[in-house]
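One rule links them: number in our numbering = place in the sequence shown (from 1) + 32.
Idealized CB from N, CA, C, for every residue including glycine.
Here is the structure we will look at, set down as structure tokens.
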Amino acid sequence: MSPDAASPEVPAGIRVHPRVGDLEATLRLALSGESLVRAKESLARRTTLRVGGWADLLVEPGHEADLACVVVEANRLGVPWRVLGRGSNVLVRDGGVRGLVIVLGRPAFAVIEAASPLLRCGAGVRLNALSAEARRLGLGGLEFLAGIPGTVGGALRMNAGAWNAMTFEKLEAVRSMGPDGSVMEQPSGAIPAAYRRCDFFRENIALGGVFRGEPCSSREVEARLDELNRRRWATQPAAPSAGCIFKNPSVIPAGRLVDELGLKGTRIGGAVVSDVHGNFIVNDGQATARDVLGLIELIRRRAREERGVELETEVEIIGE
Ligand SMILES: Cc1cc2nc3c(=O)[nH]c(=O)nc-3n(C[C@H](O)[C@H](O)[C@H](O)COP(=O)(O)OP(=O)(O)OC[C@H]3O[C@@H](n4cnc5c(N)ncnc54)[C@H](O)[C@@H]3O)c2cc1C
Numbered sequence: 033m034s035p036d037a038a039s040p041e042v043p044a045g046i047r048v049h050p051r052v053g054d055l056e057a058t059l060r061l062a063l064s065g066e067s068l069v070r071a072k073e074s075l076a077r078r079t080t081l082r083v084g085g086w087a088d089l090l091v092e093p094g095h096e097a098d099l100a101c102v103v104v105e106a107n108r109l110g111v112p113w114r115v116l117g118r119g120s121n122v123l124v125r126d127g128g129v130r131g132l133v134i135v136l137g138r139p140a141f142a143v144i145e146a147a148s149p150l151l152r153c154g155a156g157v158r159l160n161a162l163s164a165e166a167r168r169l170g171l172g173g174l175e176f177l178a179g180i181p182g183t184v185g186g187a188l189r190m191n192a193g194a195w196n197a198m199t200f201e202k203l204e205a206v207r208s209m210g211p212d213g214s215v216m217e218q219p220s221g222a223i224p225a226a227y228r229r230c231d232f233f234r235e236n237i238a239l240g241g242v243f244r245g246e247p248c249s250s251r252e253v254e255a256r257l258d259e260l261n262r263r264r265w266a267t268q269p270a271a272p273s274a275g276c277i278f279k280n281p282s283v284i285p286a287g288r289l290v291d292e293l294g295l296k297g298t299r300i301g302g303a304v305v306s307d308v309h310g311n312f313i314v315n316d317g318q319a320t321a322r323d324v325l326g327l328i329e330l331i332r333r334r335a336r337e338e339r340g341v342e343l344e345t346e347v348e349i350i351g352e
């Protein structure tokens with residue numbers, strides 16, 4: 033690939049990162065056949081909100097050794113990189129992401145090894161798959177992960193949680209890769225995590241985690257899963273979204289605030305404040321990132337002006 037800003041595929045004003053062509057050429061030679069390298073990869077189809085432009089370069093390393101090679105080479109060439117999981121907590125701007133996006137989507141990162149009551153899960157494992165395996169083995173306590181549409185890697189970064197449970201409460205150990213490509217495994221207690229964030233994974237790539245379940249019958253797990261699913265789908269829209277857009281301020285849940293401001297159903301272009309849950313913005317199929325960002329700003333302004341509340345986004349906004 034040559035990073036050619038004059039190409040008809042490149043939207044006006046977008047310049048791919050100047051070293052990305054060198055990085056692509058290097059990686060195509062250096063990586064094993066199990067890795068995938070793609071130039072100008074759409075991120076809309078890799079995020080649950082389904083908006084946003086492309087990444088200059090997207091790589092799915094075949095295994096840890098290839099991943100180490102990717103980060104070392106990107107650092108050597110000065111190409112910025114970031115990791116994307118299932119893209120369920122990310123809003124990509126319409127101009128896309130300059131530099132490299134790494135996705136741990138290859139089979140080597142999606143392995144679950146069970147030694148009951150422990151489950152060792154790669155970063156690419158979907159949370160639904162983790163919770164299904166726990167149910168099969170009769171391990172309770174991990175049901176809360178079932179309806180969260182992300183990966184283990186994203187759950188570690190976000191300390192994802194629901195129904196009063198959080199990822200880090202269920203973890204024994206965490207495996208990670210530093211920005212120099214070195215791999216380490218640590219007890220989870222050695223890594224500080226807070227509500228919906230674990231800053232350790234800003235710098236380090238999550239490779240996986242060892243989760244601890246509580247032995248019980250598969251039937252009990254199934255009953256809890258059914259109950260949580262029922263509650264989730266009664267309170268959450270089915271249309272494409274990025275989950276909760278705002279963090280809950282201390283004074284009032286963000287969804288209730290949006291509801292009280294009368295903003296449910298408000299639309300900008302193809303982006304709509306959900307009628308089901310005020311803290312969700314859904315894509316009617318035609319939305320652009322600009323529409324969603326416009327709606328976010330409108331809600332923030334109304335919350336500030338009418339209620340004195342400063343809303344902070346929970347969804348991560350990336351790209352240009
Ligand atoms: C319908 C819906 C419902 C949701 N419900 C919940 C809920 O109940 N509770 C909740 O907590 N969240 C919820 N979310 C948000 C989201 O699913 C979680 O935050 C999830 O953990 C994100 O995982 P992901 O793989 O999609 O990560 P992404 O969205 O791809 O990435 C999120 C962040 O994690 C980083 N990241 C991803 N993988 C790695 C890795 N391997 N190493 C280092 N950093 C990484 C990314 O760079 C980014 O900063 C919901 C989202 C949707 C769309």
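Between the CA atoms of residue j and residue i - distance to the nearest angstrom
i: Gly172; j: Val102; result: 37 Å
i: Arg263; j: Arg70; result: 39 Å
i: Gly45; j: Glu352; result: 11 Å
i: Ala87; j: Arg336; result: 34 Å
i: Met33; j: Val115; result: Residue confidence is low: Met33 scores 33 on pLDDT, short of 50, so the model does not pin down where it sits. Its coordinate-derived value is still stated next. Straight-line Cα distance between these residues: approximately 21 Å.
i: Gly85; j: Gly127; result: 5 Å
i: Leu90; j: Leu132; result: 6 Å
i: Gly275; j: Val347; result: 8 Å
i: Ala187; j: Ile350; result: 18 Å
i: Trp113; j: Ala140; result: 21 Å
i: Val129; j: Val48; result: 9 Å
i: Leu151; j: Glu201; result: 14 Å
i: Arg82; j: Asn121; result: 11 Å
i: Asn16; j: Val314; result: With the chain running from 33 to 352 in the structure shown, residue 16 is simply not present.
i: Lys72; j: Arg332; result: 32 Å
i: Cys153; j: Glu56; result: 29 Å
i: Ser282; j: Ala266; result: 24 Å
i: Ala62; j: Asn196; result: 45 Å
i: Pro285; j: Val341; result: 11 Å
i: Pro219; j: Asn107; result: 28 Å
i: Pro181; j: Leu159; result: 7 Å
i: Thr199; j: Ile223; result: 12 Å
i: Leu330; j: Arg299; result: 10 Å
i: Asp54; j: Phe176; result: 43 Å
i: Arg77; j: Ala319; result: 13 Å
i: His95; j: Ser273; result: 30 Å
i: Glu217; j: Glu259; result: 35 Å
i: Gly65; j: Gly170; result: 37 Å
i: Val111; j: Leu59; result: 13 Å
i: Arg189; j: Gly117; result: 10 Å
i: Ser39; j: Arg234; result: Bear in mind that a pLDDT of 39 at Ser39, under 50, signals an unreliable position, so the number given afterwards is only what the model happens to contain. Ser39 and Arg234: Cα-Cα distance of roughly 33 Å.
i: Pro35; j: Ala97; result: With a pLDDT of 34 at Pro35, under the threshold of 50, the predicted position of this residue should be treated as unreliable, though the coordinate-derived value follows. So the alpha carbons of these two residues sit roughly 27 Å apart.
8 Å Cβ cutoff met for residue i and residue j
i: Pro247; j: Ser163; result: no
i: Gly137; j: Thr79; result: no
i: Thr183; j: Val157; result: yes
i: Val124; j: Ala271; result: no
i: Ala312; j: Gln268; result: Before going on, a small fix: residue 312 reads as Phe here, not Ala. Contact flag set, yes.
i: Asp297; j: Asp307; result: The residue asked about is misnamed: residue 297 is Gly in this sequence, not Asp. Yes; because the gap between Cβ atoms is below 8 Å, this pair is in contact.
i: Ile144; j: Ala161; result: yes
i: Arg167; j: Leu257; result: yes
i: Val104; j: Gly185; result: no
i: Asn261; j: Gly193; result: no
i: Glu344; j: Phe278; result: yes
i: Ala142; j: Glu165; result: no
Near ligand 2: residue i beta-carbon under 7 Å from a heavy atom
i: Met216; result: The model on display carries ligand 1 but not ligand 2.
Whole-angstrom C-beta distance between residue j and residue i, which should lie under 8 Å
i: Leu174; j: Gly245; result: 5 Å
i: Asn236; j: Gly210; result: 6 Å
i: Ser74; j: Pro93; result: That belief does not hold up - the Cβ atoms of Ser74 and Pro93 are roughly 20 Å apart, past 8 Å.
i: Leu99; j: Arg51; result: In fact, because the Cβ distance is near 19 Å, the residues do not count as touching under 8 Å.
i: Gly310; j: Arg288; result: 7 Å
Closer than 8 Å to chain C by CB, residue i
i: Leu257; result: No chain C appears in this structure, which consists of one protein chain only.
Okay, do the stretch 300-310 and the stretch 318-326 touch, 3+ Cβ pairs below 8 Å being the bar? Judged by Cβ distances under 8 Å, the stretch 300-310 makes contact with the stretch 318-326, as three or more pairs qualify.
Take every Cβ of the stretch 239-259, pair it with every Cβ of the stretch 200-220, and state whether three or more of those distances are shorter than 8 Å. Contact holds: three or more Cβ-Cβ distances are below 8 Å.
May I ask you to verify whether the stretch 251-259 touches the stretch 277-297, counting CB pairs closer than 8 Å and requiring at least 3? Short answer: they don't touch.
Taking the runs of the alpha helix (DSSP H) that are 4 residues or longer, which of them lie wholly in the stretch 89-162? Listed in chain order, the complete alpha helix (DSSP H) runs (minimum 4 residues) inside the stretch 89-162 are 96-109.
Assess, as a yes-or-no matter, whether the stretch 127-143 is touched by the stretch 224-234 under the definition of 3 or more beta carbon pairs within less than 8 Å. With the cut-off at 8 Å, the stretch 224-234 and the stretch 127-143 do not touch.
If we require 3 or more residues per run, which beta strand (DSSP E) segments fall completely within the stretch 305-343? For the beta strand (DSSP E) assignment, the uninterrupted runs of no fewer than 3 residues enclosed by the stretch 305-343 are, from N- to C-terminal side, 313-315.
Continuous alpha helix (DSSP H) assignments of at least 4 residues falling wholly in the stretch 184-213: Counting only runs of 4+ residues, the alpha helix (DSSP H) found wholly inside the stretch 184-213 occupies 184-190, in chain order.
Which full runs of the beta strand (DSSP E) of 3+ residues lie inside the stretch 251-315, going along the chain? If only complete runs of 3 or more residues are kept, the stretch 251-315 shows the beta strand (DSSP E) at 303-305 and 313-315, in order along the chain.
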